[in-house]
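In the numbering used here, the protein residues as written are 266 to 353.
Note that the Cβ used here is the ideal one computed from N, Cα and C, for glycine as well.
I have placed the structure first, in the form of structure tokens, so that the comments after it can refer back to it.
This is the structure we're talking about:
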């Protein structure tokens with residue numbers, strides 16, 4: 266019999282209602298059935314998609330307000346003035 270090298274986290278083991286034998290190691294381990302695993306995966310992916318969408322909306326809002334417009338004299342490296350005349 267193979268010794269268990271890494272035990273599952275107590276939070277994970279406490280939420281698992283079923284135990285199954287691992288086909289690779291032959292050790293009985295906590296197991297989440299597919300019916301319990303899918304809602305967790307779907308909700309996790311939904312949160313990730315929501316956060317990416319919020320960050321893209323924020324970026325687009327800043328771009329629409331023209332906050333990303335910068336003074337070319339500041340980035341050209343020519344040593345232009347820090348403000349004042351913004352001639353094209």
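- prompt: Which value, in whole angstroms, describes the spacing of the CA atoms of residue 327 and residue 320?
  reply: Approximately 11 Å between the Cα atoms of the pair.
Contacting residues, own chain, Cβ-Cβ under 8 Å from residue 294 (five flanking each side not counted): 273, 284, 285, 286 and 287
task: Could you check the C-alpha separation between residue 282 and residue 303 for me, to the nearest Å?
output: Here the alpha carbon of residue 282 sits roughly 16 Å from the alpha carbon of residue 303.
- prompt: Helix, strand or coil: which one does DSSP assign to residue 276?
  reply: helix
message: At the level of alpha carbons, what is the spacing between residue 299 and residue 315?
response: So the two alpha carbons sit approximately 24 Å from each other.
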